[in-house]
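Numbering (UniProt numbering), first residue to last: 1 to 381. Quick reminder that beta carbons are idealized off the backbone N, C-alpha and C, glycines included.
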């Protein structure tokens, strides 16, 4: 006897045990009959399971087939894309190769242009030099008169005493002569000794040499209006520093250097411009001499001359032997007569200059007799 499934739950509850599908009263059925029923139920379950398995396998197969098909489609699509990308890569590689070739060509062009630019720059520089050279040649021709006037005015400092004296006491000369003054003077506080030492320094470092014959440039008016006959310059002047650098010169150069060194010594050490004269003596037959005079109050003076050998008023052999300078100030006429023994011939005309940073001042011009009277008056003050 088969019990309905709907009652199984209730039967189980009454018995207190879960899922007992038959009443206890049915336990009396034969075991054979029970086994048969159980076998049929197992077959049914097995069939159901097989059916479910088949259905599941069918669905799985279907899903697998669909997945395989989808994978094939995706694979095909990817393969097509890969082929496309490979083609694009080849195109890019080709383009890169072309670009590299283009870059190489461009770099060669740049290098060629750079070299061409350098060559053109050199050519331009040469052309500019030629242009400037031609311009320099043409410019004087267009401005010959003006240029000659400039040259003449510049050259006057070398041929005319008045122009030359403007270039003696300058800052440039001071800077160049200071080291020599320091080398010459052993005790700056000893004025007489310092003057003697400077005179000896100039005589030792500059040897006498007559001016060479150099044609003097004619005045622009003469150059323009008349026939010019070259004539040698009466004098050629050098600035104090030029004379010291060359180591030679005539009396104009040597004693102008002496004047400048003494003037700078007095300014730098004593801070004052004491009277100091540059004297020029002329002779009627031509020629003359330039020397230095230090005026001293009380009607006295000291004559200084570094031409050939150092000379100063009061210099003695005894002082030379002892190495003690015997420089001294003597009355004007006594000092003058002592100096004339060195010169041997008197002067017919004398000019006296003092020089400072503003240029030369002519203090006196006249005969030797008038000069001595003037000096006595000046030093008596």
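task: Could you give the DSSP three-state label for residue 388: helix, strand or coil?
output: The question about residue 388 has no answer here: the residues shown for the chain are numbered 1 through 381.
- prompt: Which one of 228, 285, 74, 258 has the shortest CA to CA distance from residue 168?
  reply: Sequence index remark: in the chain shown, residue 168 carries index 168 (1-based). When only C-alpha atoms are compared, the closest one is 258.
query: Mapping DSSP to helix, strand and coil, what is residue 360?
result: If you number the chain shown from 1, residue 360 lands on position 360. Residue 360 falls in the strand class under three-state DSSP.
Alpha-carbon spacing of residue 277 relative to residue 216, whole angstroms: By 1-based counting over the chain shown, the position of residue 277 is 277. By 1-based counting over the chain shown, the position of residue 216 is 216. If you take the alpha carbons of residue 277 and residue 216, they lie about 28 Å apart.
- request: Enumerate in chain order the residues of its own chain whose CB-to-CB distance from residue 292 is below 8 Å, with the five nearest sequence positions on each side excluded.
  value: Taking the first residue of the chain shown as 1, we reach residue 292 at position 292. The answer, listed in chain order, is 255, 258, 259, 262, 276, 277, 278, 279, 303, 304, 305.
query: Any contact of the segment 123-131 with the segment 197-216, i.e. 3+ C-beta pairs under 8 Å?
result: no
query: Would you report the Cα separation of residue 137 and residue 346, rounded to the nearest angstrom?
result: By 1-based counting over the chain shown, the position of residue 137 is 137. By 1-based counting over the chain shown, the position of residue 346 is 346. Just so you know, the alpha carbons of residue 137 and residue 346 end up roughly 51 Å apart.
query: In three-state DSSP terms, what is residue 351?
result: Translated into positions along the chain shown, residue 351 becomes position 351. If DSSP states are grouped into helix, strand and coil, residue 351 belongs with the strands.
- prompt: DSSP puts residue 252 in a beta bridge; with which residues?
  reply: The residue labelled residue 252 in the question sits at position 252 within the chain shown. BP columns for residue 252 are empty, so no partner.
message: Measuring only the C-alpha atoms, how far is residue 248 from residue 209?
response: The count along the chain shown starts at 1 and reaches residue 248 at position 248. The count along the chain shown starts at 1 and reaches residue 209 at position 209. Straight-line Cα distance between these residues: approximately 6 Å.
query: Is DSSP giving residue 237 helix, strand or coil here?
result: Here residue 237 refers to the residue found at position 237 when the chain shown is read from its first residue. In the structure shown, residue 237 sits in coil (DSSP, three-state: anything other than H, G, I, E or B).
field: Rounded distance between the beta-carbons of residue 185 and residue 265, thought under 8 Å
entry: To locate residue 265, count along the chain shown from 1; it is residue 265. To locate residue 185, count along the chain shown from 1; it is residue 185. With 8 Å as the limit, residue 265 and residue 185 qualify as a contact, their Cβ atoms being about 7 Å apart.
field: residue 314 and residue 330 closer than 8 Å at C-beta
entry: Walking along the chain shown from the start, residue 314 turns up at place 314. Walking along the chain shown from the start, residue 330 turns up at place 330. The answer is yes: Cβ separation under 8 Å.
task: Might you give, ordered along the chain, the residues of its own chain that have their beta carbon closer than 6 Å to the beta carbon of residue 65, omitting 5 neighbours on each side?
output: Taking the chain shown and counting its residues from 1, one reaches residue 65 at position 65. No residues qualify anywhere along the chain.
- prompt: Looking at the structure shown, is residue 172 part of a helix, part of a strand, or coil, going by DSSP?
  reply: One-based indexing of the chain shown puts residue 172 at position 172. Here DSSP, grouped into helix, strand and coil, assigns residue 172 to helix.
- request: Put residue 274 into one of helix, strand or coil per three-state DSSP.
  value: For this step, residue 274 is matched to residue 274 along the chain shown. The answer is coil: DSSP assigns residue 274 none of H, G, I, E or B.
Which listed residue (337, 59, 286, 58) has its alpha carbon closest to that of residue 235: If you number the chain shown from 1, residue 235 lands on position 235. Closest by alpha carbon: 286.
- prompt: Beta carbon of residue 41: closer than 7 Å to some heavy atom of the ligand ATP?
  reply: Absent from the structure shown: the ligand ATP. Ligands present: none.
field: residue 162 versus residue 188 - alpha carbon distance
entry: As a position in the chain shown, residue 162 is number 162, starting the count at 1. As a position in the chain shown, residue 188 is number 188, starting the count at 1. Taking the straight line from one Cα to the other gives about 31 Å.
task: Entirely within the segment 274-317 and at least 3 residues each: give me those beta strand (DSSP E) ranges in chain order.
output: 277-282, 288-296, 300-305
Cβ pair residue 165, residue 360 closer than 8 Å: In the chain shown, the residue the question calls residue 165 occupies position 165. In the chain shown, the residue the question calls residue 360 occupies position 360. The Cβ atoms of residue 165 and residue 360 lie closer than 8 Å to each other.
- request: Apply the 10 Å Cβ neighbour rule to residue 91 and answer buried if 16 or more other Cβ atoms are within range, or exposed otherwise.
  value: Residue numbering aside, residue 91 sits at position 91 when the chain shown is read from its first letter. With fewer than 16 other Cβ atoms within 10 Å, it is exposed.
Bridge partner(s) assigned by DSSP for residue 212: To locate residue 212, count along the chain shown from 1; it is residue 212. According to DSSP, which records beta bridges pairwise, residue 212 is partnered with nothing at all.
message: With a threshold of 8 Å on Cβ separation, who are the neighbours of residue 222 within its own chain once the five nearest residues in sequence on each side are excluded?
response: Here residue 222 refers to the residue found at position 222 when the chain shown is read from its first residue. Closer than 8 Å at the Cβ level, and outside the excluded window around residue 222, lie 228.
- prompt: Based on Cα-Cα distance, which residue from 241, 332, 337 lies nearest to residue 420?
  reply: Because the chain here runs from 1 to 381, residue 420 falls outside it and cannot be looked at.
field: Which of helix, strand or coil DSSP assigns to residue 93
entry: Translated into the one-based positions of the chain shown, residue 93 becomes position 93. Residue state, collapsed to three classes: helix.
message: Just to confirm before moving on: does the CB-CB distance between residue 252 and residue 290 stay below 8 Å?
response: As a working note, residue 252 is residue 252 in the chain shown. As a working note, residue 290 is residue 290 in the chain shown. Yes, these two residues count as a Cβ contact at 8 Å.
query: Taking just the CA atoms, how far does residue 348 sit from residue 284?
result: Within the chain shown, the letter at position 284 stands for residue 284. Within the chain shown, the letter at position 348 stands for residue 348. Between residue 284 and residue 348, the C-alpha separation is close to 6 Å.
field: Through-space distance from residue 58 to residue 16, alpha-carbon basis
entry: Position 16 of the chain shown holds residue 16. Position 58 of the chain shown holds residue 58. With a pLDDT of 45 at residue 16, under the threshold of 50, the predicted position of this residue should be treated as unreliable, and no value is reported.
task: Using DSSP bridges, identify the partner residues of residue 207.
output: In the chain shown, residue 207 corresponds to position 207, counting from 1. Per DSSP, 248.
task: Could you tell me which residues DSSP puts in a beta bridge with residue 366?
output: For this step, residue 366 is matched to residue 366 along the chain shown. Beta-bridge pairing links residue 366 to 350.
query: So, residue 364 versus residue 351, is the Cβ gap smaller than 8 Å?
result: For the purposes of this step, residue 364 is identified with residue 364 of the chain shown, where counting begins at 1. For the purposes of this step, residue 351 is identified with residue 351 of the chain shown, where counting begins at 1. Yes, the pair counts as a contact, with Cβ atoms nearer than the cut-off.
For residue 179, the three-state DSSP class (helix, strand or coil): For the purposes of this step, residue 179 is taken as residue 179 along the chain shown, with counting starting at 1. Helix, per DSSP.
message: On the DSSP bridge list, what partners appear for residue 382?
response: With the chain represented from 1 up to 381, any question about residue 382 goes unanswered, as that position is not in the structure.
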